[in-house]
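To start, the structure itself, in structure tokens.
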Amino acid sequence: MLRKTVLVIFPVLLLSLTLPAHTLQKETRIFTEIEGVALKLDIYKTDSATILPQPCLIFVFGGGFKEGKRDSGSYLPYFHYFANKGFTVVSVDYRLGMKGKDAPGIMNYKPLQRSIEMAVSDLYTATNYLLKNAGELDIDPSLFILSGSSAGAITVLQADYMERDNYPAADVLPEDFRYAGVISFAGGIFSTEGAPSYTQRPAPTLFFHGSADKLVPFNSTRLFNVGMFGSRSLAKRFREERYPYTFYIMEDVGHEVSDYPMREFLPEIEQFITDFVFDRKQWMRDIRFKDLQRKSDTSTTPGNYYN
């Protein structure tokens, strides 16, 4: 009888020990005003941080550079998870350059190019704001990790690429600053010089992309040297140049990969950060993932998304 009592009580005690005891705090700040618009960022922390300064996970929202918001409900599980894991999570605004524009294409790429440049510039400004206030915010300047969804994923990949290749837009950042990692949910890099080739080693990068994505290309869309280079083409370049990365190839899934890994793959994302950012493992991993129960809508294209 005693043995049965212990077996009943022990799971209850274990559950009480594992329940989260942290209170999530959110603070909103203006990090710049540009073109008459105040750009804001939201800072998520818990009230019981045990290790300071904290790594900083910066998030850039999606929406085709024409819509979206930094505090969309679909992103909150991602923010809360990592705040409870000891990160300072920062979700940032950027200017929406494609608002009211026609669908981008290989013969109509200038508005998209300009929109990406604006978003990257705003991300650099937000990064610089966080660096200048790192002491007050108890964040580690050597552990700034970028992450983004769709247009935000394009922005974070582009930002790390442009910073490593010494683009003038990155001059706002300290000369010795480097992003510590990049997490991309259905992103790519726009280039007018062919497939991106890094002058300096990029940050360790985690790619998620659906093989049936028609909005942001899984591989690439290009005419000569101009085009959008998706996760598959970028991962190929990483492997050729021996840059550390993990690529989750989500088979037969469309653009919803820009969203659902932030709810369904949280432990895998955390493990990537532990292995590649904290422990600096030099791994190159391609993971083919097929969910036989997931029914995907692969009908979204630039033509019907923007029009």
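The numbering used here puts the sequence shown at residues 2 to 308. Ideal Cβ placement from N, Cα and C applies to all residues, glycine included. Here the structure is a predicted model, which is why all the values come from computation and not from measurement.
- Item | Rounded C-alpha distance that separates Gly65 from Arg30 | Going from the Cα of Gly65 to the Cα of Arg30 covers about 24 Å.
- Message: For Arg295 and Gly69, what's the separation of their Cα atoms in angstroms?
- Response: Just so you know, the alpha carbons of Arg295 and Gly69 end up roughly 25 Å apart.
- Query: DSSP three-state call for Ser356: helix, strand or coil?
  - Reply: Residue numbering for the chain in the displayed model covers 2 to 308; residue 356 lies beyond these limits and cannot be assessed.
- Item | Whole-angstrom C-beta distance between Phe186 and Gly149, which should lie under 8 Å | Right, their Cβ atoms sit about 7 Å apart.
- Task: Please name the residue in Glu242, Arg243, Lys41, Glu265 whose C-alpha comes closest to that of Tyr249.
- Result: Tyr249 has its Cα closest to that of Glu265, out of Glu242, Arg243, Lys41, Glu265.
- Query: Can you check whether the CB of Tyr199 is closer than 8 Å to the CB of Tyr162?
  - Reply: Yes, these two residues count as a Cβ contact at 8 Å.
- Tell me whether Asn109 sits in a helix, a strand or coil according to DSSP, three-state version. Here Asn109 carries a strand assignment [DSSP, helix/strand/coil].
- Count the other CB atoms, across all protein chains shown, that sit within 10 Å of the CB of Pro303; report buried if there are 16 or more and exposed otherwise. Taking all protein chains shown into account, Pro303 has 16 or more neighbouring C-beta atoms within 10 Å of its C-beta and is therefore buried.
- Message: Would Leu158 and Gly188 qualify as a contact pair, given that the criterion is a beta-carbon distance under 8 Å?
- Response: A contact, by the Cβ cut-off of 8 Å.
- Pull up the distance between the alpha-carbon of Leu77 and that of Lys46, whole angstroms please. Going from the Cα of Leu77 to the Cα of Lys46 covers about 13 Å.
- Query: According to the neighbour-count rule (16 or more other Cβ atoms, all chains shown, within 10 Å of its Cβ), is Met119 buried or exposed?
  - Reply: Under this definition Met119 is a buried residue.
- Task: State whether the segment 92-100 contacts the segment 33-40, with contact taken as three or more CB pairs (one from each stretch) at a distance under 8 Å.
- Result: In this structure the segment 92-100 touches the segment 33-40; the number of beta carbon pairs closer than 8 Å is three or more.
- Item | contact_flag[the segment 48-62, the segment 129-147] where n(CB pairs < 8 Å) is 3 or more | The segment 48-62 is in contact with the segment 129-147.
- Task: State the DSSP-derived secondary structure class of Gln159, mapped to helix, strand or coil.
- Result: Three-state DSSP puts Gln159 in a helix.
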